[in-house]
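S.K.: Dropping a structure here in structure tokens format, bear with me for questions.
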Amino acid sequence: MAANAVIIVLFFINYPNCAGKITNLFLKMTIFAVAFNMFCEMTLEEAIEARHSVRAYKDQPLAADVVKVLEEKIAVLNCEGKLHMQLILNEPKAFQGTMAKYGKFRNVGNYIVMAGQKADDLDERVGYYGEQLVLLAQTLGLNTCWVGLSYSKVPGTYVLDEGEKIACYIAIGYGETQGVGHKIKTINQVSNTSDVTPTWFRKGVEAALLAPTAVNQQKFSFEYVGMKDGHHQVHAKKGFSIIGYTQMDLGIAKYHFEIGAGKEDGGEHQPSFDWV
Ligand SMILES: Cc1cc2nc3c(=O)[nH]c(=O)nc-3n(C[C@H](O)[C@H](O)[C@H](O)COP(=O)(O)O)c2cc1C
Numbered sequence: 000m001a002a003n004a005v006i007i008v009l010f011f012i013n014y015p016n017c018a019g020k021i022t023n024l025f026l027k028m029t030i031f032a033v034a035f036n037m038f039c040e041m042t043l044e045e046a047i048e049a050r051h052s053v054r055a056y057k058d059q060p061l062a063a064d065v066v067k068v069l070e071e072k073i074a075v076l077n078c079e080g081k082l083h084m085q086l087i088l089n090e091p092k093a094f095q096g097t098m099a100k101y102g103k104f105r106n107v108g109n110y111i112v113m114a115g116q117k118a119d120d121l122d123e124r125v126g127y128y129g130e131q132l133v134l135l136a137q138t139l140g141l142n143t144c145w146v147g148l149s150y151s152k153v154p155g156t157y158v159l160d161e162g163e164k165i166a167c168y169i170a171i172g173y174g175e176t177q178g179v180g181h182k183i184k185t186i187n188q189v190s191n192t193s194d195v196t197p198t199w200f201r202k203g204v205e206a207a208l209l210a211p212t213a214v215n216q217q218k219f220s221f222e223y224v225g226m227k228d229g230h231h232q233v234h235a236k237k238g239f240s241i242i243g244y245t246q247m248d249l250g251i252a253k254y255h256f257e258i259g260a261g262k263e264d265g266g267e268h269q270p271s272f273d274w275v
């Protein structure tokens with residue numbers, strides 16, 4: 000951001016001895032492109048709206064600056080979430096098995112291995128922190144797909160420490176398309192939203208309904224509990240499914256809810272709340 004601002008300031012400096020008009024024009028075009036990019040950066044709310052699962056990818060490696068941003072975020076989130084997420088690049092074998100082909104995966108050359116120490120809450124943390132990578136990827140112009148089943152573990156491509164396991168993969172890359180929206184449940188099917196619950200609660204539920212879930216099952220619910228010691232309280236619950244993955248889905252949906260509700264905002268209309 001600071002570098003962008005410096006470049007824009009430079010734009011207004013007159014270059015009396017500029018090498019030539021073409022160089023000057025080229026410089027201005029570059030500056031406009033940077034400024035345009037600066038003002039058009041996708042927000043997380045916009046990423047939630049734009050994101051759909053994408054299973055077919057272009058044969059195009061991830062840009063170096065994009066890889067750097069992802070690697071840095073993964074390092075931070077691995078610490079925060081006590082996970083061992085790993086970005087694997089230019090490795091086509093994991094998505095060449097029968098399951099991947101049956102699942103219509105094509106040209107997946109990059110993916111994130113979602114691993115961590117075996118624990119009761121591993122799946123929820125995988126969902127919560129993995130979705131942060133998914134939405135970040137969307138803001139970087141990438142597409143993604145959570146994958147619980149349709150991948151093969153290729154020995155030598157990932158590292159598992161003592162006591163760790165792989166919970167799932169996330170395919171990542173430049174999509175052939177931007178995907179399509181999924182069928183969603185109604186707000187009342189998954190929450191106790193009413194005239195007396197806060198507006199930010201409804202917005203949180205709306206954002207959760209746009210979250211990816213295994214086979215689009217959306218087996219989660221949100222309850223506005225009330226106030227305690229001056230804090231709003233929200234209870235999120237997973238439902239039953241024979242398919243499984245409900246705890247991972249819940250972690251994903253909770254992250255969406257926080258973005259929609261503006262958990263970190265703390266403003267008058269988007270007060271912070273506690274999960275209970
Ligand atoms: C935990 C999880 C596991 C998933 N596993 C698979 C999978 O194995 N194969 C697949 O094609 N899609 C998989 N998906 C993607 C879902 O099918 C997709 O998110 C859902 O249909 C909603 O569509 P959307 O993501 O485009 O909104 C998975 C999603 C989640 C959250």
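According to numbering that gives the first Met the number 0, the sequence shown is numbered sequentially starting from 0. Where is the CB? At the ideal position from N, CA and C, for every residue including glycine.
Look up Leu276 in the DSSP assignment and say whether it is helix, strand or coil.
M.R.: Residue 276 lies beyond the stretch modelled for the chain, which goes from 0 to 275, so this question has no answer here.
S.K.: Whole angstroms is fine: what's the gap from Val153's alpha carbon to Met113's?
M.R.: Roughly 14 angstroms separates the two Cα atoms.
S.K.: For Gly261, tell me which candidate among Gly126, Leu69 and Gly203 has the shortest Cα-Cα distance.
M.R.: Minimum Cα distance to Gly261 is reached at Gly203.
S.K.: Extract the residue ranges of the alpha helix (DSSP H) inside the segment 54 to 80, only unbroken runs of 4 or more that lie entirely within it.
M.R.: Entirely contained in the segment 54 to 80, the alpha helix (DSSP H) runs reaching 4 residues are, in chain order, 63 to 80.
S.K.: Rounded to the nearest angstrom, what separates Leu209 and Val179 at their Cα positions?
M.R.: Looking at the two C-alpha atoms, the distance is approximately 12 angstroms.
S.K.: Just the Cα atoms here: how many angstroms apart are Ala207 and Gln246?
M.R.: Between Ala207 and Gln246, the C-alpha separation is close to 14 angstroms.
S.K.: Using only the heavy atoms of ligand 1, determine whether one of them is closer than 6 angstroms to the beta carbon of Gly238.
M.R.: Gly238: no, Cβ never under 6 angstroms from ligand 1.
S.K.: In this structure, how does DSSP classify Tyr127 when only helix, strand and coil are distinguished?
M.R.: DSSP places Tyr127 in helix when its eight states are reduced to three.
S.K.: According to the neighbour-count rule (16 or more other Cβ atoms, all chains shown, within 10 Å of its Cβ), is Ile111 buried or exposed?
M.R.: Result: buried.
S.K.: Counting along the chain, where does the beta strand (DSSP E) carrying Asp273 start and finish?
M.R.: That run of the beta strand (DSSP E) goes Phe272 to Trp274.
S.K.: Would you say Gly172 and Asn77 are within 7 angstroms of each other, going by their C-beta atoms?
M.R.: Contact flag unset, no.
S.K.: Quick one: give me the first and last residue of the beta strand (DSSP E) that Glu40 is part of.
M.R.: No beta strand (DSSP E) contains Glu40, which DSSP labels as neither H nor E.
S.K.: Alpha carbon to alpha carbon, what distance is there between Ala63 and Met0?
M.R.: Caution applies to Met0, whose pLDDT of 42 falls short of 50 and renders its modelled position unreliable; the value that the coordinates give is listed next. Computed Cα separation, rounded: 18 angstroms.
S.K.: Considering just the uninterrupted stretch of the alpha helix (DSSP H) at Tyr101, what are its terminal residues?
M.R.: Per DSSP, Tyr101 belongs to the alpha helix (DSSP H) from Thr97 to Tyr101.
S.K.: Considering Cα atoms alone, identify which of Glu44, Thr42 and Glu48 is closest to Ile183.
M.R.: For Ile183, the nearest C-alpha among the options comes from Glu48.
S.K.: Note down, in chain order, each residue of its chain lying with its Cβ closer than 6 angstroms to the Cβ of Leu135, except the 5 sequence neighbours on either side.
M.R.: Excluding positions up to five away in sequence, the list reads Lys72.
S.K.: On the CB-based measure, 16 or more other CB atoms within 10 Å of its CB, does Thr212 come out buried or exposed?
M.R.: By the neighbour-count rule (16 or more Cβ atoms within 10 Å), Thr212 is buried.
S.K.: Give the DSSP bridge partners of Glu163, in chain order.
M.R.: DSSP lists Gln116 as partners of Glu163.
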